[in-house]
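*Asks:*
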Amino acid sequence: MSEQQITVRRLQDRQGANGATAVAHPNIALIKYWGKRDERLFLPWTSSLSMTLDIFPTTTRVHLDAEASDDEVTFNGVPAAGEERRRIAGFLDLVRRRAGLTHRAVVDTRNTVPTGAGLASSASGFAALAVAAAAAYGLDLDGTGLSRLARRGSGSASRSIFGGFAVWNAGNPTAPPAEADLSSYAEPVRTGDLDPALVIAVVNAGPKEVSSRAAMRRTVETSPLFEPWAASSRDDLTEMRAALLRGDLDAVGEIAERNSLGMHATMLGARPAVRYLAPASLTVLDSVLGLRRDGIPAYATMDAGPNVKVLCRRTDADRVAEAVRDAAAGGTVHIAGPGQGARLVDAGGR
Ligand code: 2P0
719 MSEQQITVRR LQDRQGANGA TAVAHPNIAL IKYWGKRDER LFLPWTSSLS
769 MTLDIFPTTT RVHLDAEASD DEVTFNGVPA AGEERRRIAG FLDLVRRRAG
819 LTHRAVVDTR NTVPTGAGLA SSASGFAALA VAAAAAYGLD LDGTGLSRLA
869 RRGSGSASRS IFGGFAVWNA GNPTAPPAEA DLSSYAEPVR TGDLDPALVI
919 AVVNAGPKEV SSRAAMRRTV ETSPLFEPWA ASSRDDLTEM RAALLRGDLD
969 AVGEIAERNS LGMHATMLGA RPAVRYLAPA SLTVLDSVLG LRRDGIPAYA
1019 TMDAGPNVKV LCRRTDADRV AEAVRDAAAG GTVHIAGPGQ GARLVDAGGR
């Protein structure tokens, strides 16, 4: 028996089997992450803050296979290929290096996000993968360690490790990368009395033309608006933390809306411009203004796609959903509340 096989046997003894299953939910940023200062380590230019959702979970099973010569990855039962597969295998390499193991894995991911819903499925995807892979390979990581690990798969995944509201710290910007790597992770944010909902209007379920990764790189490299937005986003975060602590939904919404519109402005300033907002997105934005004129606190935030998420009180969510549904003619609308962080649901995994 090789040394590797003995190690896996030891893992099996500890866990009952050489696999693990984890569940994670997507998150929506109220203070956006847009731009990396280190692409290899996924170190962002600015800190970001999000709400983890209670809908659209991703369930991922990672199972070590001592006999396999390559990783096997399936998404909703379909074998992954190309860039998607390369990203997962690269992430598993990182876990293997840390665990001191070379075993390949069988990864089975089930995603419940409607196709093209514009909800970062990479956030729930890499958060679930980080938790399942860490357990399957025997890494003993706390929330901070899991968040740092998930970050290396997709920046926004660092935040889905935690439930409710979470802030992803950019980490020390003047430190050498290896040191900054240790200080860039998400953690829960303290909030006052809030009963928030995010109403998600899917106005266009088609695939995006430019990936967020490529778009943020182009923005950082070419947009003259990027630096001013990054500076204002740091101020927004300070104000956002205070507003959350006060339980001041209006202030939270106002800051989130301006932060998102500012991010889209930086993209429009890129050369060539990156434009994710579609005519239907603007129609939904108009409906949000209409709700506010009618005295309903509702605030919009948009990500790397045309879909719009509207922050409101849970008690107003049905009314907001109705207004948004009318505006997003033909689109679908979903209501989400704050959800749980990523967690292991089965350390047996078979
Ligand atoms: C966010 N987005 O804060 C921002 C706002 C989209 C717009 O995080 O390159 O998929 O894998 O780190 O995390 C989307 O970017 O990018 C994103 P990578 P990711 O939610």
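Numbered continuously in the working numbering, the sequence shown closes out at residue 1068.
C-beta atoms are modelled at their ideal positions from N, C-alpha and C, and glycine is treated no differently.
Keep in mind that this is a model prediction, so the values were computed, not measured.
For residue 997, which three-state DSSP category applies?
*Replies:* Note: residue 997 maps to helix in three-state DSSP.
*Asks:* Over what stretch of residues does the alpha helix (DSSP H) that includes residue 893 continue unbroken?
*Replies:* No alpha helix (DSSP H) holds residue 893; DSSP gives it neither H nor E.
*Asks:* Between 1010, 737 and 844, which lies nearest to residue 805 when the distance is taken from Cα to Cα?
*Replies:* Measuring from the Cα of residue 805, the nearest candidate turns out to be 844.
*Asks:* Could you give the distance in angstroms between the alpha-carbon of residue 953 and the alpha-carbon of residue 768?
*Replies:* The alpha-carbon atoms of residue 953 and residue 768 are separated by roughly 16 Å.
*Asks:* Comparing C-alpha positions only, which one of 882, 1043, 869 and 1034 sits nearest to residue 1003?
*Replies:* The shortest Cα separation from residue 1003 among 882, 1043, 869 and 1034 belongs to 1043.
*Asks:* What residue from 831, 973, 837 and 864 has the CA that sits closest to residue 847's CA?
*Replies:* Checked all of 831, 973, 837 and 864; the closest Cα to residue 847 is 864.
*Asks:* Please confirm whether residue 941 and residue 881 have their CB atoms less than 8 Å apart.
*Replies:* No, these two residues do not count as a Cβ contact at 8 Å.
*Asks:* Label residue 1021 either buried or exposed according to how many other C-beta atoms from any shown protein chain fall within 10 Å of its C-beta, with 16 as the threshold for buried.
*Replies:* When all chains shown are included, residue 1021 counts as buried.
*Asks:* What span of residues does the beta strand (DSSP E) with residue 920 cover, start to end?
*Replies:* Start and end: 914-920.
*Asks:* Can the beta-carbon of residue 874 be found less than 8 Å from the beta-carbon of residue 902?
*Replies:* Not closer than 8 Å, so no.
*Asks:* Residue 982 by DSSP, collapsed to three states: which one?
*Replies:* If DSSP states are grouped into helix, strand and coil, residue 982 belongs with the helices.
*Asks:* Looking at the strands, I want to know which residues DSSP matches up with residue 769.
*Replies:* For residue 769, which the question treats as bridged, DSSP gives the partners 746 and 883.
*Asks:* Please list, in chain order, all residues of the same chain as residue 857 whose beta carbon is under 7 Å from its beta carbon, the five residues on each side excluded.
*Replies:* The answer, listed in chain order, is 813, 816 and 817.
*Asks:* In whole angstroms, what separates the C-alpha of residue 781 from that of residue 854?
*Replies:* Residue 781 and residue 854: Cα-Cα distance of roughly 6 Å.
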